[in-house]
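One structure is given here, and the rest of the page talks about it.
Protein chains: 2
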Amino acid sequence: MAEAEARGRRARGGGGAARRAERSSVVVETAKYIERNIPNYEILSEEALEIIEHNAETILEEIGVNFVNNPAALDRWRDAGADVQGERVRLPRGLARELIKTAPSQYTQHARNPDRNVVIGGKSLVLAPVYGPPFVRDLDGGRRYATIEDFRKFVKLGQMSKWLHHSGGTVCEPTDVAVNKRHLDMLHAHMTLSDKPFMGSVTEPSRAQDSVEMCEILFGKEFVQENTVMTSLVNINSPMTFDDVMMGALEVYAANNQACIVSPFIVGGAMAPVSVMGTLTQVLAEVMAGIAYSQLVRKGAPVIFGAFVTSIDMNSGAPTFGTPEAAQITYGAGQLARRLNLPYRSAGSFCGSKLPDAQAAYETANTLNVGLQSGVNFMLHACGWLEGGLVSSFEKYVMDADQLGALHHMARGVAIDENAQAMDAIREVGPGGHYLGCAHTQANFKNAFWRSDLLDYKPFEAWSEEGGRDTQVLAAARVRKLLDTYQQPYLDPAISEALSDYVARKKASMPDSFT
Amino acid sequence: MAEAEARGRRARGGGGAARRAERSSVVVETAKYIERNIPNYEILSEEALEIIEHNAETILEEIGVNFVNNPAALDRWRDAGADVQGERVRLPRGLARELIKTAPSQYTQHARNPDRNVVIGGKSLVLAPVYGPPFVRDLDGGRRYATIEDFRKFVKLGQMSKWLHHSGGTVCEPTDVAVNKRHLDMLHAHMTLSDKPFMGSVTEPSRAQDSVEMCEILFGKEFVQENTVMTSLVNINSPMTFDDVMMGALEVYAANNQACIVSPFIVGGAMAPVSVMGTLTQVLAEVMAGIAYSQLVRKGAPVIFGAFVTSIDMNSGAPTFGTPEAAQITYGAGQLARRLNLPYRSAGSFCGSKLPDAQAAYETANTLNVGLQSGVNFMLHACGWLEGGLVSSFEKYVMDADQLGALHHMARGVAIDENAQAMDAIREVGPGGHYLGCAHTQANFKNAFWRSDLLDYKPFEAWSEEGGRDTQVLAAARVRKLLDTYQQPYLDPAISEALSDYVARKKASMPDSFT
Numbered sequence: 001m002a003e004a005e006a007r008g009r010r011a012r013g014g015g016g017a018a019r020r021a022e023r024s025s026v027v028v029e030t031a032k033y034i035e036r037n038i039p040n041y042e043i044l045s046e047e048a049l050e051i052i053e054h055n056a057e058t059i060l061e062e063i064g065v066n067f068v069n070n071p072a073a074l075d076r077w078r079d080a081g082a083d084v085q086g087e088r089v090r091l092p093r094g095l096a097r098e099l100i101k102t103a104p105s106q107y108t109q110h111a112r113n114p115d116r117n118v119v120i121g122g123k124s125l126v127l128a129p130v131y132g133p134p135f136v137r138d139l140d141g142g143r144r145y146a147t148i149e150d151f152r153k154f155v156k157l158g159q160m161s162k163w164l165h166h167s168g169g170t171v172c173e174p175t176d177v178a179v180n181k182r183h184l185d186m187l188h189a190h191m192t193l194s195d196k197p198f199m200g201s202v203t204e205p206s207r208a209q210d211s212v213e214m215c216e217i218l219f220g221k222e223f224v225q226e227n228t229v230m231t232s233l234v235n236i237n238s239p240m241t242f243d244d245v246m247m248g249a250l251e252v253y254a255a256n257n258q259a260c261i262v263s264p265f266i267v268g269g270a271m272a273p274v275s276v277m278g279t280l281t282q283v284l285a286e287v288m289a290g291i292a293y294s295q296l297v298r299k300g301a302p303v304i305f306g307a308f309v310t311s312i313d314m315n316s317g318a319p320t321f322g323t324p325e326a327a328q329i330t331y332g333a334g335q336l337a338r339r340l341n342l343p344y345r346s347a348g349s350f351c352g353s354k355l356p357d358a359q360a361a362y363e364t365a366n367t368l369n370v371g372l373q374s375g376v377n378f379m380l381h382a383c384g385w386l387e388g389g390l391v392s393s394f395e396k397y398v399m400d401a402d403q404l405g406a407l408h409h410m411a412r413g414v415a416i417d418e419n420a421q422a423m424d425a426i427r428e429v430g431p432g433g434h435y436l437g438c439a440h441t442q443a444n445f446k447n448a449f450w451r452s453d454l455l456d457y458k459p460f461e462a463w464s465e466e467g468g469r470d471t472q473v474l475a476a477a478r479v480r481k482l483l484d485t486y487q488q489p490y491l492d493p494a495i496s497e498a499l500s501d502y503v504a505r506k507k508a509s510m511p512d513s514f515t
Numbered sequence: 001m002a003e004a005e006a007r008g009r010r011a012r013g014g015g016g017a018a019r020r021a022e023r024s025s026v027v028v029e030t031a032k033y034i035e036r037n038i039p040n041y042e043i044l045s046e047e048a049l050e051i052i053e054h055n056a057e058t059i060l061e062e063i064g065v066n067f068v069n070n071p072a073a074l075d076r077w078r079d080a081g082a083d084v085q086g087e088r089v090r091l092p093r094g095l096a097r098e099l100i101k102t103a104p105s106q107y108t109q110h111a112r113n114p115d116r117n118v119v120i121g122g123k124s125l126v127l128a129p130v131y132g133p134p135f136v137r138d139l140d141g142g143r144r145y146a147t148i149e150d151f152r153k154f155v156k157l158g159q160m161s162k163w164l165h166h167s168g169g170t171v172c173e174p175t176d177v178a179v180n181k182r183h184l185d186m187l188h189a190h191m192t193l194s195d196k197p198f199m200g201s202v203t204e205p206s207r208a209q210d211s212v213e214m215c216e217i218l219f220g221k222e223f224v225q226e227n228t229v230m231t232s233l234v235n236i237n238s239p240m241t242f243d244d245v246m247m248g249a250l251e252v253y254a255a256n257n258q259a260c261i262v263s264p265f266i267v268g269g270a271m272a273p274v275s276v277m278g279t280l281t282q283v284l285a286e287v288m289a290g291i292a293y294s295q296l297v298r299k300g301a302p303v304i305f306g307a308f309v310t311s312i313d314m315n316s317g318a319p320t321f322g323t324p325e326a327a328q329i330t331y332g333a334g335q336l337a338r339r340l341n342l343p344y345r346s347a348g349s350f351c352g353s354k355l356p357d358a359q360a361a362y363e364t365a366n367t368l369n370v371g372l373q374s375g376v377n378f379m380l381h382a383c384g385w386l387e388g389g390l391v392s393s394f395e396k397y398v399m400d401a402d403q404l405g406a407l408h409h410m411a412r413g414v415a416i417d418e419n420a421q422a423m424d425a426i427r428e429v430g431p432g433g434h435y436l437g438c439a440h441t442q443a444n445f446k447n448a449f450w451r452s453d454l455l456d457y458k459p460f461e462a463w464s465e466e467g468g469r470d471t472q473v474l475a476a477a478r479v480r481k482l483l484d485t486y487q488q489p490y491l492d493p494a495i496s497e498a499l500s501d502y503v504a505r506k507k508a509s510m511p512d513s514f515t
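Just so you know, the protein sequences line up as chains U and D, in that order. Taken in order, the first sequence gives residues 1 to 515; the numbers are from UniProt numbering. Taken in order, the second sequence gives residues 1 to 515; the numbers are from UniProt numbering.
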């Protein structure tokens with residue numbers, strides 16, 4: 001297991017942060033991001049991949065994509081050689097693929113604690129929590145609108161979660177703060193309550209700019225211009241529509257060398273055709289157009305090939321999660337991303353269930369495993385997602401976060417050295433014996449098998465005497481424990497004050513808006 | 001979706017069964033066994049596989065295996081060229097591999113309804129329910145010792161479950177029937193309450209013989225000698241021990257051309273080394289010895305390469321399920337089985353949880369998906385397993401059985417024809433539109449996405465008004481519905497009577513024994 005260790009590098013954010021953290025009493029372990037030592041699952045044949053790539057170019061050339069309310073984008077496209085009619089942009093075959101070549105195949109997102117830096121791309125897998133729900137749920141309080149206090153609790157849980165590498169972004173929508181100001185409180189929470197990397201705001205270009213400026217306070221202005229310190233989520237309005245709000249945010253981030261996930265948001269059957277091949281074709285065309293555009297803004301800007309895909313229940317129109325078709329699309333999109341040499345974002349703790357029950361877990365497990373095997377490099381929503389993304393669940397957050405440990409162990413692959421072969425143990429034990437006490441077991445058991453920090457492994461009688469608790473009840477106890485032992489990572493008081501001042505000043509500069 | 005269809009073949013078991021079933025009011029759908037159109041996941045390199053195969057031969061040659069209380073087996077081995085010392089049998093390098101060559105790479109297990117016949121091997125995946133638990137659990141009655149009435153209910157659920165291809169064997173232990181007689185009642189239930197294929201008894205060679213004789217009544221004596229009508233579970237006492245009870249059953253079945261799964265039963269760290277490579281090596285050696293022995297009994301007897309593997313929690317000694325190490329072993333064993341050209345059995349609805357809650361579902365989903373991708377041909381325990389195999393759960397049975405539908409859809413693979421490419425739909429809808437009403441969606445939606453028959457897809461408000469039911473509660477309702485609509489498949493009354501007579505006569509011939 002590759003835990004983050006003090007690597008002797010100077011801590012930013014005031015210096016000495018790492019040293020002070022070491023002196024503290026509670027050790028908050030964070031695993032290093034996953035580096036896969038297992039193969040990807042390749043569900044599509046070469047023939048299928050070539051058909052998709054050919055058809056995606058046909059979409060870009062003959063149908064085109066819309067860039068809405070964005071004259072500057074249309075100018076950029078015209079200059080690059082696209083055919084622009086009104087807001088419709090048609091790309092000559094090969095143009096997008098050519099432009100994409102300047103996007104890096106991987107990049108490092110820096111955290112204020114350099115031990116928490118993550119590499120996104122190649123064989124890496126970085127795990128970040130749920131993003132976007134307006135509601136929260138917990139066992140005691142039920143389902144309710146999310147507040148900034150809930151938000152802060154989730155950031156603390158993320159900081160305390162060993163298998164999470166990233167603090168995420170909108171872990172829930174703090175609906176008690178004005179819409180035009182809540183990004184400030186959210187960023188402030190990520191920056192002060194966690195030392196893991198985080199995401200910037202995308203709900204207005206001006207809020208993306210605020211995110212950059214707050215990062216300049218946290219990391220230093222020069223550092224931000226030279227390094228990527230945010231990875232933010234830019235959704236495409238599928239089918240084939242790029243709106244000015246999201247593209248405006250992307251323009252700010254790309255210009256500042258900050259990373260964006262360019263991600264179609266697709267419920268198959270509604271925003272894309274009701275077939276795996278059709279959906280993959282549209283996804284590829286959309287991502288190619290979006291990422292090509294990012295490179296028109298700034299060559300070399302870090303970007304991620306995103307694919308949020310799920311299917312629809314044609315009886316009710318509800319999105320459904322953890323389905324085999326979504327899995328097939330996720331595997332296929334990974335193959336397409338690798339052929340473009342781009343980092344890949346997909347999968348997550350998706351489920352449609354209203355409760356953190358068996359349905360939630362089936363659907364989530366189906367998707368987490370697909371995420372690992374499809375070569376995902378950045379998994380947003382890796383824990384805490386409930387009710388089709390309407391709810392951030394405290395209990396499900398820690399349940400899923402625990403399961404993420406299994407992905408780490410799976411990704412280690414199979415050691416084949418002499419110790420792993422264990423022939424001495426097999427000789428020692430022989431027919432009819434047992435391995436519990438043998439030398440090989442004693443030497444290897446601690447690191448041999450993944451062990452949950454949450455699930456119940458007790459005999460029936462012991463479990464029964466302790467109240468016969470189900471997973472949700474065990475998870476509620478774990479939430480309390482993690483919050484009770486939470487320890488705020490050290491931050492230079494001058495930086496902390498400067499961040500607070502920035503937030504206060506920005507908030508005072510405009511009236512509240514709740515739309 | 002490949003539902004079983006009337007294929008115009010003459011129904012056995014009295015003739016006309018299929019015709020009568022068609023006339024009945026409730027249509028009980030059963031999906032055809034899965035034929036994979038997706039790749040297997042190959043976690044081990046060629047180098048790793050060769051090391052394992054080399055080391056397994058070393059085990060057989062230098063350490064050997066024990067055949068306990070079985071002089072006839074020792075004679076067979078001696079005749080075949082093995083080195084026999086006491087009960088220890090050592091096989092010259094290459095002998096087992098040579099003997100295994102006569103085992104078929106796939107076989108058909110016949111059901112009394114020929115539409116339910118299954119092919120085991122190659123790209124097929126046949127799904128059978130949980131096997132062995134002494135307890136049952138349901139929402140109303142809690143956890144209790146299983147009875148023959150519970151057993152019959154499970155057989156009925158299996159008959160009614162669309163995605164189950166096989167009625168299984170000891171779906172729970174009917175503890176209210178004498179140990180020496182319960183196999184008769186169990187077989188009678190499978191034969192009369194279901195028309196799917198089933199398993200024979202292995203708890204005594206004489207009970208295996210009874211199983212064959214009851215099959216001769218059901219299928220006809222000649223038919224049984226010419227065809228495989230049972231697949232039974234023969235466990236190896238790992239490490240490397242073959243006891244006379246299980247081997248005695250195997251001898252009866254092999255002599256009668258009936259199939260056996262030859263399966264190490266391994267909790268890693270206890271019955272095998274605490275490493276993936278070590279466990280795989282031992283599993284391979286054990287299976288090779290067991291299958292080679294089956295071919296000494298009768299060349300060409302159908303057999304399955306089995307691997308029941310899980311890991312241990314080294315803190316408590318409890319077996320743990322759905323773990324990444326068990327997954328790696330399951331993938332690897334699949335590769336080894338394919339290299340021996342043998343059908344493969346592994347995976348199942350494994351979990352350690354006491355309740356059909358989120359833990360149960362995470363662990364089960366982790367394992368079911370691995371089963372599909374590791375190339376399993378026969379999945380025992382595919383539904384209903386709870387509490388480490390101590391409990392057959394009614395609710396979990398239908399929950400898991402529902403998830404098996406997702407495996408069917410996943411296994412279909414990705415269609416790449418023109419209709420699947422959906423370029424007409426993408427042109428028709430264009431940027432900013434939606435696909436819900438387009439011609440391609442209308443033509444394809446019914447079969448496009450897998451849909452659960454159990455899970456909740458309702459909006460929060462509707463779900464809430466209906467009582468806010470979790471998966472377990474929804475499952476309890478489905479159990480009732482399936483049992484209420486259960487319809488017994490037609491069986492020739494003469495055969496039915498002959499089976500009952502056989503059971504009555506056998507029972508009367510011996511006193512009850514509860515040990």
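Even glycine gets a Cβ: it sits at the ideal position worked out from N, Cα and C.
Residue i versus chain U: which residues are under 7 Å apart at the beta carbon?
{"i": "residue 538 of chain D", "result": "No information on residue 538 of chain D is available, as it lies outside the stretch 1 to 515 that chain D covers here."}
{"i": "D/Q381", "result": "The sequence shown places His at residue 381 of chain D, not Gln. What D/H381 touches in chain U: nothing, since even the nearest Cβ is about 16 Å away."}
{"i": "D/N369", "result": "N366, N369"}
Which residues does DSSP list as the beta-bridge partners of residue i?
{"i": "D/G468", "result": "For D/G468, which the question treats as bridged, DSSP gives no partner whatsoever."}
{"i": "D/R144", "result": "D/V136"}
{"i": "residue 522 of chain D", "result": "Chain D is shown only over 1 to 515; residue 522 of chain D falls outside these bounds and no answer can be derived."}
{"i": "U/M379", "result": "U/L127"}
So residue i and residue j are supposed to be a Cβ contact under 8 Å. How far apart are they, rounded?
{"i": "U/Y435", "j": "D/P319", "result": "Going by Cβ atoms, the distance from U/Y435 to D/P319 rounds to 14 Å, so no, they are not a contact pair."}
{"i": "D/Y145", "j": "D/F154", "result": "No, D/Y145 and D/F154 are not in contact; Cβ-Cβ is about 14 Å, not under 8 Å."}
{"i": "U/R152", "j": "U/T30", "result": "Not quite, the Cβ-Cβ distance comes to about 19 Å (not below 8 Å), so this is no contact."}
{"i": "D/T367", "j": "D/F305", "result": "That pair is no contact at about 18 Å."}
{"i": "U/S234", "j": "U/V202", "result": "Residue identity differs from the one stated: residue 234 of chain U is Val in this sequence, not Ser. The pair is a contact, with the Cβ atoms about 6 Å apart (cut-off 8 Å)."}
Evaluate residue i with the Cβ neighbour count: other Cβ atoms within 10 Å of its Cβ, from every protein chain shown; 16 or more gives buried, anything less gives exposed.
{"i": "U/F308", "result": "buried"}
{"i": "D/T241", "result": "buried"}
{"i": "D/D501", "result": "exposed"}
{"i": "D/R505", "result": "exposed"}
{"i": "D/Q225", "result": "exposed"}
In chain D, what lies closer than 9 Å to residue i by C-beta?
{"i": "U/S374", "result": "Residues of chain D passing the Cβ test: none, with the nearest at roughly 11 Å."}
If the cut is a Cβ gap below 8 Å, which residues of chain U does residue i touch?
{"i": "D/G352", "result": "L455, D456, Y457"}
{"i": "D/W463", "result": "K354"}
Counting only Cβ pairs nearer than 8 Å, list the residues of chain D close to residue i.
{"i": "U/V414", "result": "I43, L44, A48, V276, M277, Q328, G332"}
{"i": "U/P39", "result": "Y41, E42, I43"}
Who are the neighbours of residue i on chain D, taking C-beta pairs under 7 Å?
{"i": "U/I470", "result": "Note on residue identity: the sequence assigns Asp, not Ile, to residue 470 of chain U. By Cβ distance, chain D contributes L355, D357."}
{"i": "U/Q403", "result": "Y362"}
For residue i, return the contacting residues in chain U, with the cut-off set at a CB-CB distance below 9 Å.
{"i": "D/H440", "result": "P273, V274, S275, G278"}
Is residue i near the ligand GDP - that is, is its Cβ less than 6 Å away from at least one heavy atom of it?
{"i": "U/S496", "result": "Absence of the ligand GDP from the depicted structure is noted, as is the absence of any ligand whatsoever, leaving it without description."}
If we count Cβ pairs, one from each stretch, closer than 8 Å, do we get three or more for the stretch 382 to 391 of chain U versus the stretch 427 to 446 of chain D?
Short answer: they don't touch.
Is it a yes or a no for the stretch 462 to 482 of chain U touching the stretch 332 to 344 of chain D, going by three-plus beta-carbon pairs under 8 Å?
As far as the Cβ criterion goes, the stretch 462 to 482 of chain U does not touch the stretch 332 to 344 of chain D, which means the pair count is below three.
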